[in-house]
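The sequence shown begins at 1 in UniProt numbering and counts up one residue at a time.
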Amino acid sequence: MAIINTSDANFAKDTGSGLVLADFWAPWCGPCKMIGPILEDIDEEMSDKVQIVKLNVDDNQETAGKYGVMSIPTLILFKDGEIVDQVVGFQPKELLQARIEQHA
1 MAIINTSDAN FAKDTGSGLV LADFWAPWCG PCKMIGPILE DIDEEMSDKV
51 QIVKLNVDDN QETAGKYGVM SIPTLILFKD GEIVDQVVGF QPKELLQARI
101 EQHA
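Spelled out as structure tokens, the structure:
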């Protein structure tokens, strides 16, 4: 599966079924840029277990506010539309993979 760029309008649909890792980010955010290649690697290696979606918080403030995103990057793991895990800030690939595996 490819990483999906989602929006306020599509977020509920894009996170509503299966295991979905949502990346709340912005183009000006340094740690967001650092975590981007890690998410691409995870998408390639774990696409059978998790869908990754990215939400630009500058363009989609409604959804960011709904989930209380105050710092970015914030990564929220959804399972069938329900939050099962959340981390804030840059995270190493191994930690993210372990968190995904816990819920896969």
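Cβ atoms here follow ideal geometry from the backbone N, Cα and C, with glycine treated the same way.
Pairwise C-alpha distance: residue j and residue i
{"i": "residue 14", "j": "residue 54", "result": "10 angstroms"}
{"i": "residue 22", "j": "residue 75", "result": "6 angstroms"}
{"i": "residue 87", "j": "residue 64", "result": "14 angstroms"}
{"i": "residue 91", "j": "residue 84", "result": "17 angstroms"}
Distance CB(residue i)-CB(residue j) smaller than 8 angstroms
{"i": "residue 42", "j": "residue 97", "result": "yes"}
{"i": "residue 20", "j": "residue 69", "result": "no"}
{"i": "residue 81", "j": "residue 16", "result": "yes"}
{"i": "residue 73", "j": "residue 28", "result": "no"}
For residue i, the nearest candidate out of the options (CA to CA)
{"i": "residue 89", "options": "99, 104, 71, 83", "result": "71"}
{"i": "residue 57", "options": "40, 32, 93", "result": "32"}
{"i": "residue 62", "options": "8, 81, 35, 4", "result": "8"}
{"i": "residue 78", "options": "91, 104, 3", "result": "104"}
Closer than 7 angstroms: residue i CB and nearest the ligand PLP heavy atom
{"i": "residue 98", "result": "Of the ligands one can find in the structure shown there are none, so the ligand PLP has no counterpart to examine."}
So within the UniProt domain "Thioredoxin" (1-104), which uninterrupted alpha helix (DSSP H) runs reach at least 4 residues, ignoring any that extend past its ends?
11-14, 30-46, 61-66, 93-103
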